[in-house]
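Undergrad: If you read the sequence shown in the working numbering, its first letter stands for residue 2, the second for the next number, and so on. I'd like to ask some things about the structure below.
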Amino acid sequence: MSATLLDLKSMTAEAIARIFALADHLASEKPGDRDFFRFRRGLTAALVFFEASTRTRMSFETACHREGLHPIVLDSALGTSLEKGESAEDTLFNIAAMRPSVMVVRSNDSLNMEAMASVLKMPILNAGWGRKGHPTQALLDIYAIRKHHANLAKQRILLIGDIRHSRVAASHFELAPLLGYEIALCGPESFLPETPGRQVFKTLEEGLKWATVAMALRVQLERHPSQTNLQSYHQEWGLNPQSLSALEASALIMHPGPINWGVEMSPEVMKDRRSIILDQVSGGVFLRQALLREAIGGIG
Ligand code: CP
2 MSATLLDLKS
12 MTAEAIARIF
22 ALADHLASEK
32 PGDRDFFRFR
42 RGLTAALVFF
52 EASTRTRMSF
62 ETACHREGLH
72 PIVLDSALGT
82 SLEKGESAED
92 TLFNIAAMRP
102 SVMVVRSNDS
112 LNMEAMASVL
122 KMPILNAGWG
132 RKGHPTQALL
142 DIYAIRKHHA
152 NLAKQRILLI
162 GDIRHSRVAA
172 SHFELAPLLG
182 YEIALCGPES
192 FLPETPGRQV
202 FKTLEEGLKW
212 ATVAMALRVQ
222 LERHPSQTNL
232 QSYHQEWGLN
242 PQSLSALEAS
252 ALIMHPGPIN
262 WGVEMSPEVM
272 KDRRSIILDQ
282 VSGGVFLRQA
292 LLREAIGGIG
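Okay, structure coming up:
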């Protein structure tokens with residue numbers, strides 16, 4: 002695997018298996034174990050988040066601490082020179098000049114992350130890039146599924162809702178052919194990709210009967226002026242005890258977060274024993290530790 006991770010197109014199934022195996026090993030370690038804390042003297046990781054985040058930023062921050070990398074964090078524009086009009090590109094050039102060992106970047110679509118990665122002389126990890134992709138989220142989703150269903154090629158993931166604006170969906174479309182799982186879609190017409198290129202279920206019930214994994218996606222109100230009535234959205238596409246009666250007992254319920262409660266799902270879903278939503282978050286730390294360790298290679 003190349004040290005930079007902007008998308009999943011260039012990954013291989015072998016590289017992903019290696020990352021998952023390393024994440025498993027890291028998850029098995031305990032404080033006090035000989036290698037639990039790898040102190041890497043003077044090495045930093047720049048976490049540059051031009052857009053809001055809770056899970057991804059704090060997960061990478063936790064992963065940095067466990068990997069003995071000191072995180073230096075830009076958390077949105079507030080209090081930075083972005084407020085004075087400095088561009089995202091200039092911000093990245095200046096942070097790169099501080100010589101972190103790796104940069105983790107979240108931005109909107111307008112940043113050309115590929116162009117930046119080609120000029121910055123360090124590994125760049127995409128932590129959510131507009132609608133283009135969220136590769137570490139898709140990897141951690143599959144890492145979480147794999148704990149329950151080892152045979153990924155037999156999994157049928159139903160993406161529900163705002164697929165058109167979802168970078169998580171975009172990354173799953175890249176990852177599925179590598180690992181062999183199937184994806185089908187359901188949701189309002191205006192939330193589906195213009196050319197879906199895969200099975201689309203007309204009703205949530207039909208989709209849930211087909212799925213081994215039901216993955217609800219956040220209605221991204223900040224990315225489009227939705228005309229959607231959120232209450233009727235929930236009635237038609239929301240996960241709740243009634244709709245989930247169509248999902249088989251061994252299936253899994255997931256959401257990348259943050260959740261719009263009462264829209265994508267009702268609060269009772271968190272108590273459903275098929276829900277692995279917080280396991281996605283827990284496993285994500287080990288997965289990101291593994292990605293950071295791969296990115297910085299033998300340094301430290
Ligand atoms: N899943 C995800 O990217 O969440 P955050 O926006 O909180 O990082």
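Using N, Cα and C, we set each Cβ at its ideal position, and we do this for glycine too.
1) Let me confirm a value: N127 is counted as buried when at least 16 other C-beta atoms fall within 10 Å, else exposed. Which label applies?
2) Helix, strand or coil for G208? Go by DSSP, reduced to three states.
3) Where does E195 sit, in a helix, a strand or coil, going by DSSP?
4) Ordered along the chain, which non-local residues of its own chain (more than five positions away) have a Cβ less than 7 Å from that of W262?
5) Of the choices I164, L253, V286, whose alpha-carbon is the least far from that of M271?
6) Note the first and the last residue of the continuous alpha helix (DSSP H) segment covering P72.
7) Under the rule that 16 or more other beta-carbon atoms within 10 Å means buried, what is P101, buried or exposed?
8) Please report the distance separating the alpha-carbon of L209 from that of M104.
9) If you measure from each CB to the nearest heavy atom of ligand 1 and keep those under 5 Å, what residues do you get, in chain order?
10) In terms of alpha-carbon separation, which member of K133, R19, A97, E52 lies closest to L79?
11) Find the nearest neighbour of R58 within the set E249, V74, T81, G43, judged by alpha-carbon distance.
12) In whole angstroms, give me the CA-to-CA distance for A4 and T204.
13) Just to confirm my understanding: we take L159, look at its own chain, exclude 5 residues before and 5 after, and list those with CB closer than 6 Å. What are they?
14) Have a look at the DSSP bridge pairing and note the partners of G162.
15) If you follow the beta strand (DSSP E) that V105 is in, where does it begin and where does it stop?
16) Taking 8 Å as the threshold (C-beta atoms), are L293 and I20 in contact?
17) In whole angstroms, what is the alpha-carbon distance linking R199 and R41?
18) Which of helix, strand or coil does DSSP assign to R157?
19) Report all residues from its chain with a CB closer than 7 Å to the CB of A217; omit the five preceding and five following residues, and keep chain order.
20) Suppose the cutoff is 6 Å on Cβ atoms and the five residues either side in sequence are ignored; what does the same chain contact list for C65 look like?
21) Using the Cα positions of M2 and A18, report the straight-line distance between them to the nearest angstrom.
22) Rounded to whole angstroms, what's the CA-CA distance from L9 to V106? Just pull it up for me.
23) Measuring only the C-alpha atoms, how far is I96 from S119?
24) How is the alpha helix (DSSP H) around M114 delimited, first residue to last?
25) Does E175 come out as helix, strand or coil in the three-state DSSP assignment?
26) What does S276 pair with, by DSSP beta-bridge criteria?
27) If you drop the 5 nearest sequence neighbours on each side, which residues of the same chain put their C-beta closer than 6 Å to that of V280?
TA: Reading off the structure:
1) Classified as buried, N127 has 16 or more neighbouring CB atoms from the shown chains inside 10 Å of its CB.
2) The three-state reading of DSSP puts G208 in helix, counting H, G and I together.
3) DSSP, read as helix, strand or coil, puts E195 in coil.
4) Sequence-distant partners of W262 (beyond 5 residues in either direction) whose C-beta falls short of 7 Å from its own C-beta, in its chain, are P268.
5) When only C-alpha atoms are compared, the closest one is L253.
6) No alpha helix (DSSP H) contains P72, which is instead part of the beta strand (DSSP E) from 71-76.
7) Classified as buried, P101 has 16 or more neighbouring CB atoms from the shown chains inside 10 Å of its CB.
8) Spanning the two alpha carbons is a distance of roughly 39 Å.
9) Matched residues: S54, T55, R56, T57, P257, G258.
10) Comparing alpha-carbon positions, the option among K133, R19, A97, E52 lying closest to L79 turns out to be E52.
11) Nearest in C-alpha terms to R58, of all of E249, V74, T81, G43, is V74.
12) Taking the Cα positions, A4 is about 41 Å away from T204.
13) Taking C-beta separations shorter than 6 Å and ignoring five residues to either side along the sequence, the partners of L159 in its chain run A185, G208, A212, A215, following chain order.
14) Paired residues: L218.
15) Its beta strand (DSSP E) spans residues 103-108.
16) Taking C-beta atoms as the reference points, I20 and L293 fail to come closer than 8 Å.
17) Rounded to the nearest angstrom, the two C-alpha atoms are 46 Å apart.
18) DSSP places R157 in the strand class (E or B) of the three-state scheme.
19) Taken in chain order, the residues that qualify are I161, G162, L240, H256, E265, M266.
20) So the list reads A46, P72, once near-sequence residues are dropped.
21) Interpretation of M2 is limited by its pLDDT of 46, a score under 50 that renders its predicted location unreliable; no figure is taken from the coordinates.
22) Taking the straight line from one Cα to the other gives about 16 Å.
23) If you take the alpha carbons of I96 and S119, they lie about 16 Å apart.
24) Where M114 is concerned, the enclosing alpha helix (DSSP H) stretches over 114-120.
25) Helix, per DSSP.
26) DSSP output for S276 lists I254 as bridge partner(s).
27) The amino acid occupying residue 280 in the given sequence is Asp; Val does not appear at that position. Excluding residues within five positions, the ones whose Cβ falls inside 6 Å are A145.
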